[in-house]
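Participant:
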Amino acid sequence: QKEVEQDPGPLSVPEGAIVSLNCTYSNSAFQYFMWYRQYSRKGPELLMYTYSSGNKEDGRFTAQVDKSSKYISLFIRDSQPSDSATYLCSADTGTASKLTFGTGTRLQVTL
Amino acid sequence: DGGITQSPKYLFRKEGQNVTLSCEQNLNHDAMYWYRQDPGQGLRLIYYSQIVNDFQKGDIAEGYSVSREKKESFPLTVTSAQKNPTAFYLCASSIGGRGGYGYTFGSGTRLTVV
């Protein structure tokens, strides 16, 4: 079992929809949670960063962590075609020397 | 602007040939990482380094080698021992190896065996 599990998709939604991307994890020592966005043939870029449980909002994006159920979510409001990308969740204990990544979910926002 | 530069963007390798992928950062980050990305498999860690002159194997180090002679540079050599090297290679860096810091990624090198 992978430490961070993520549905690979693809997920296709119409423009303007609310998108929910999710990950589950198994390591209860994870304290830091991140979402990366990767456009085709590009490197991932850090999108959202959350420490411990709770919500964090940045414009149309909201990251949510529920440590009791080991569940990580990214919500995108008013989705745009430019949001079409692969979204990777990742987690870190804060004492390990590397991040643990999910496999990524490919999102397609259609006109 | 600070960032990570990977070169070349595209690389073609003949059978039995070693090739070296370049990764340079000007972010003053201590830690650097190499990942391989294949369709449907996510990011797989090849090697990482937390300080100069020190590096550790990741999950799929066989057939690869690295060096870390300077803080700014972490080149990856794909040797002839790597039987399936065609993939997208990503270099990343972070402020420190511990502490929950996010990564900054380069734009990647696409390696193809011809």
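These protein sequences, in sequence, are chains Z and R. Numbering-wise (our numbering), the first sequence opens with residue 1 and increments by one. Numbering-wise (our numbering), the second sequence opens with residue 1001 and increments by one. By construction, the Cβ of each residue, glycine as well, lies at the ideal position given by its N, Cα and C atoms.
Quick one, which residues of the region 1017 to 1049 of chain R are near chain Z if we go by CB-CB under 8 Å, in chain order?
Facilitator: Listed by position along the chain: 1031, 1033, 1040, 1041, 1042, 1043, 1045 and 1048.
Participant: What residues in its chain sit with their C-beta under 8 Å from that of residue 1083 of chain R, if we drop five residues either side in the sequence?
Facilitator: Here the set comprises 1063.
Participant: Leaving out the 5 sequence neighbours to the left and right, which residues in its chain are closer than 6 Å to residue 1024 of chain R when beta-carbon positions are compared?
Facilitator: Correct list, in chain order: 1005, 1072 and 1073.
Participant: Quick one: is residue 44 of chain Z buried, meaning 16 or more other Cβ sit within 10 Å of its Cβ, or exposed?
Facilitator: Looking at its Cβ environment, which holds 16 or more other Cβ atoms inside 10 Å, residue 44 of chain Z is buried.
Participant: For chain R, check one thing: does any of its Cβ atoms lie closer than 9 Å to the Cβ of residue 8 of chain Z?
Facilitator: With 9 Å as the cut-off, residue 8 of chain Z counts as an interface residue toward chain R.
Participant: I want to verify the contact list: residues of chain R whose CB lies under 9 Å from the CB of residue 114 of chain Z, in sequence order.
Facilitator: Examination of residue 114 of chain Z is not possible in this model, given that chain Z is present from 1 through 111 alone.
Participant: Identify the contact partners of residue 1107 of chain R in chain Z, using a Cβ-Cβ distance below 8 Å as the criterion.
Facilitator: Neighbours of residue 1107 of chain R on chain Z, chain order: 42 and 43.
Participant: Using CA coordinates, which residue listed in R:1052, R:1035 and R:1015 is at the minimum distance from residue 1021 of chain R?
Facilitator: Here the closest residue by C-alpha is R:1035.
Participant: Measure from the alpha carbon of residue 1070 of chain R to the alpha carbon of each residue in R:1018, R:1031, R:1111 and R:1003, then state which is nearest.
Facilitator: That would be R:1031, whose Cα lies nearest to the Cα of residue 1070 of chain R.
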